[in-house]
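Residue numbers (the numbering used here): 129 to 262.
Cβ coordinates follow ideal geometry from the N, Cα and C atoms, glycine included.
Quantities reported herein were computed from a predicted structural model and do not represent experimental measurements.
The next block holds one structure in the form of structure tokens; read it before the comments.
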């Protein structure tokens, strides 16, 4: 099954979407990082030490901090995939499955502009990751 390559106009539209996604995610990572640094500095400086902390409060604060770092890590991974997609647009390799080398359907790229694999290979990759986690 031969798939048509993306037109120049389609590539420009996808590039614009990726750049917007990158800006949004970069801002979110910055916000999460700044919030956590601010909270950590307050804790270290003793600003909040005058309050009586219950063990549950400390656990909740620790959970919130860990959760925020986890979100930032996930966002960082997405940012990497977006950067890779933008690089591939520039090099002319965008829209080619990294596993099997076939063109990724336009519909998939429009839905997930940073997609690295065709649907079949993505499913295989997810199964492989799931097996490794066991």
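Excluding sequence positions up to five before and after residue 150, its CB lies within less than 8 angstroms of the CB of 207, 210, 211, 214, all in the same chain and listed in chain order. Note on residue 257: under 16 other CB atoms within 10 angstroms of its CB, so exposed under the neighbour-count rule. Assigned with DSSP and collapsed to three states, residue 240 falls in coil, not helix or strand.
Take the alpha-carbon of residue 144 and the one of residue 153: they are about 14 angstroms apart. The alpha-carbon of residue 240 is positioned some 25 angstroms away from that of residue 261. Residue 257: member of the alpha helix (DSSP H) spanning 247 to 261, first to last residue.
In the displayed model, residue 145 falls within a helix according to three-state DSSP.
Take the alpha-carbon of residue 205 and the one of residue 233: they are about 23 angstroms apart.
In the structure shown, residue 232 adopts coil according to DSSP, grouped into three states.
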